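Chains A and B are the protein sequences, given in the same order. Be aware that the first sequence starts at 3, since it is given in this note's numbering, and climbs by one per residue. Be aware that the second sequence starts at -5, since it is given in this note's numbering, and climbs by one per residue. Every residue, glycine too, gets a C-beta built ideally from N, C-alpha and C. Remember, predicted model here, so these are calculated numbers, not experimental data.
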Amino acid sequence: MRKSHKIDEHTIGEKMEPFAFKGRHIIDTADLSNDEIMHLVKVCDEIQAMGDDKARTLCKGKILATLFWEPSTRTRLSFEAAMYRLGGNVLGFSEAKSSSVSKGETLADTIKTVSLYADIIAMRHPMEGSALAASQYSEVPVINGGDGPHLHPTQTLGDIYTLIKEKGRLEGLKMGFLGDLLFGRTVHTLVRVLARFGVELHFFSPEGLNIPAYVRSDLEAKGAVFTEQEGLGGRLAELDALYVTRLQKERFFSEEEYLRKKNSYVVDRETLTRAKDDVLVLHPLPRNEEIHPNVDGLPNAGYFRQATYGMQMRMSLISTCLGVKA
Amino acid sequence: MTMRIERINNGIVLDHIKAGMGIHILKLFEVELLHTKIDYASYIDSPSLGMKDIIKIENLDVDPKMLMKMALLAPDITISFIRDGHVDKKVKPEVPPLVEGVINCPNPKCITQQEVYLTSRFQVAFEEDGRLRQQCLFCEHIFYS
């Protein structure tokens, strides 16, 4: 079904096979081996080392289609900026009503048509499994920019790159996740990849917003080291990185409960006095109140740099899937 | 215990249905059951299953796709095809590890619900507790029977 071939996720090979990214769809991080993820990281570094001018020659004459059936300004702009920085061009739509869907066109027909115009497609769609379905009808690589609440692989890969650039390694890192861990697809995908790389995981969430059972059982099956508790407590002092997610009022049983608990999930300068000096604070953005703006000026605030690394990872994905970078 | 349903001369007998699942098996049929004699006994003692359901439907045949649908709902089901009062054939459909185009994903957010031309694909496996685990290969939603 998927053009991307399934590879044992635990194959950290002594013998490095050539990486077959050209023409490949990027639907799920589970389709990528650890070696392949590290290869994408290496390509990120290589592109950045080229300098802007040379990087802008990589995808000259190539076209990226950004097909966004639901609005996501940040992800779409990140893909488009990545393609422009590679010297390519971009076309597409940013919401369903400005696409042929409003005239009743099927996903398959849209993809078949666009894959005649563009060399690569980045898409977001509200339905789960939509990117996989699209890949079955596309003549060109499809990159999943989010299929409903299901998968968001480019966010995860960008976060992996962020951790490697900021902390220098993955294995042995102690990473905390704070906020709504039940509905956050970003966290669900990320923690399962981090577990493969030997990152220790610590979950902090209000009761009822814990990581879902299927993620927990997956982590257990992978032999991951992880803990779960309500508040940050003393464990904050052990963390190398803290990944904060949005805490939405509507997820609570009552407004009273939200107001009572929300302050325990706000990270500010005072919170960070209890953490390691170099604790890295990350957030998939956009944020609400969960990270106080007074953190922004601290070197610990990694969330804007994280957006840059995310764009650089998208440059790596576009160039490898197009085959302009091996 | 006295069997509460009658013999049939022509049709099918669906036996070894996990107790309570018979109603879901009947729901698989649509117009086929109009003006048809159906006997349905639920929660009957069964040496192998503890309790089971049995359905007898007169003058009805079923195709392999329907057999697979029934097996996914009731993995132990046996289907006897009755001709002139005798068992002409008895089958116990095996559930393959990959089921394509047979059942629909119940997840309302699954792309297969919207784009109906897509061929559904499910990875199917028995859990240790005997339940049949079915995972949609599009949305990865898991459900059990």
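7 Å Cβ cut-off: residues of chain B touching residue i
i         : result
Thr59(A)  : Those within 7 Å of Thr59(A) in chain B number zero; the least Cβ separation is about 37 Å.
Leu324(A) : In chain order: nothing, as chain B lies at least about 25 Å away.
Chain B within 8 Å of residue i, Cβ atoms only
i         : result
Glu1(A)   : Because chain A here runs from 3 to 328, residue 1(A) falls outside it and cannot be looked at.
Thr108(A) : yes
Nonlocal neighbours in the same chain, by C-beta distance under 6 Å from residue i, ignoring five residues either side
i         : result
Glu130(A) : Asp149, Gly150, His152
Thr13(A)  : Bear in mind that a pLDDT of 40 at Thr13(A), under 50, signals an unreliable position, so the model cannot answer this.
Val93(B)  : Phe116, Val118
Lys329(A) : What is shown of chain A runs 3 to 328, which leaves residue 329(A) out entirely.
Asn3(B)   : Gly79
Ser36(B)  : Gly16, Asp47
Phe205(A) : Phe179, Leu183, Ile213, Glu230
Val201(A) : Leu172, Leu175, Met177
Ala32(A)  : none
For residue i, the three-state DSSP class (helix, strand or coil)
i          : result
Asp149(A)  : strand
Ala22(A)   : coil
His18(B)   : helix
Cys104(B)  : strand
Arg126(A)  : strand
Asp9(B)    : strand
Met(-5)(B) : Model confidence at Met(-5)(B) stands at a pLDDT of 47, short of 50, so the residue's coordinates are unreliable; what they give is reported in the following sentence. Residue state, collapsed to three classes: coil.
Arg127(B)  : strand
Lys83(B)   : strand
Tyr86(A)   : helix
Gln231(A)  : strand
Asp55(A)   : helix
Val25(B)   : helix
Gly94(A)   : strand
Ser318(A)  : helix
Gly178(A)  : strand
Leu79(A)   : helix
Val201(B)  : Examination of residue 201(B) is not possible in this model, given that chain B is present from -5 through 139 alone.
Residue i at chain A interface by Cβ criterion, 8 Å
i         : result
Leu126(B) : no
Ile97(B)  : no
Glu109(B) : yes
Asp123(B) : no
Ile105(B) : yes
Residues that residue i contacts on chain A, provided the C-beta gap is smaller than 8 Å
i         : result
Glu134(B) : Glu130, Gly131, His152
Chain-ordered neighbours of residue i on chain A, where CB pairs are closer than 7 Å
i         : result
Asn101(B) : Glu130
Leu112(B) : Ala135
Residues near residue i in its chain [Cβ-Cβ closer than 8 Å; skip 5 each side]
i         : result
Glu48(A)  : Lys327
Leu324(A) : Lys24, Cys61, Lys64, Asp121, Ile122, Pro143
Cys46(A)  : Tyr163, Tyr311, Gln314, Met315, Met317, Ser318
Pro91(B)  : Gln117, Val118, Ala119
Val89(B)  : Met62, Ala65, Leu66, Pro69, Val118, Leu126
Leu274(A) : Val281, Val283, Val297, Leu300, Asn302
Asn290(A) : Arg248, Leu249, Gln250
Cutoff 7 Å; reference residue i; Cβ partners in own chain excluding five residues on either side
i         : result
Leu249(A) : Gly181, Asp182, Lys264, Tyr267, Glu292
Met313(A) : Ser80, Ala83, Ala84
Arg276(A) : Leu238, Ala239
Gly89(A)  : Arg58, Thr59, Leu60, Cys61, Lys62
Asp270(A) : His294, Asn296, Val297
Gln157(A) : Thr188, Pro286, Gly312
Glu121(B) : Arg127
Option nearest residue i by Cα separation, candidates the options
i         : options                                   : result
Val85(B)  : Val56(B), Ile17(B), Thr113(B)             : Val56(B)
Glu259(A) : Leu165(A), Gln138(A), Ala67(A), Glu209(A) : Glu209(A)
Asp123(B) : Ile32(B), Ser42(B), Tyr138(B), Tyr34(B)   : Tyr138(B)
Phe185(A) : Asn212(A), Leu203(A), Ala136(A), Phe21(A) : Asn212(A)
Leu8(B)   : Tyr111(B), Ala68(B), His135(B), Ile97(B)  : Ala68(B)
His127(A) : Phe23(B), Arg125(B), Cys133(B), Arg127(B) : Cys133(B)
Cys99(B)  : Pro87(B), Ile136(B), Met64(B)             : Ile136(B)
Gly16(B)  : Gly5(B), Arg125(B), Tyr34(B), Asp82(B)    : Tyr34(B)
His285(A) : Asp111(A), Ala303(A), Ser137(A)           : Ala303(A)
Glu72(A)  : Arg307(A), Lys176(A), Lys99(A)            : Lys99(A)
Leu287(A) : Arg271(A), Thr75(A), Leu241(A), Ile145(A) : Thr75(A)
Gln108(B) : Ile113(A), Val193(A), Ala135(A)           : Ala135(A)
Thr30(B)  : Glu52(B), Leu112(B), Lys103(B)            : Glu52(B)
Ala13(B)  : Gly44(B), Glu121(B), Ser74(B), Lys103(B)  : Gly44(B)
Gly5(B)   : Leu54(B), Met60(B), Gly95(B)              : Leu54(B)
Ile11(B)  : Lys59(B), Ile73(B), Gly95(B)              : Ile73(B)
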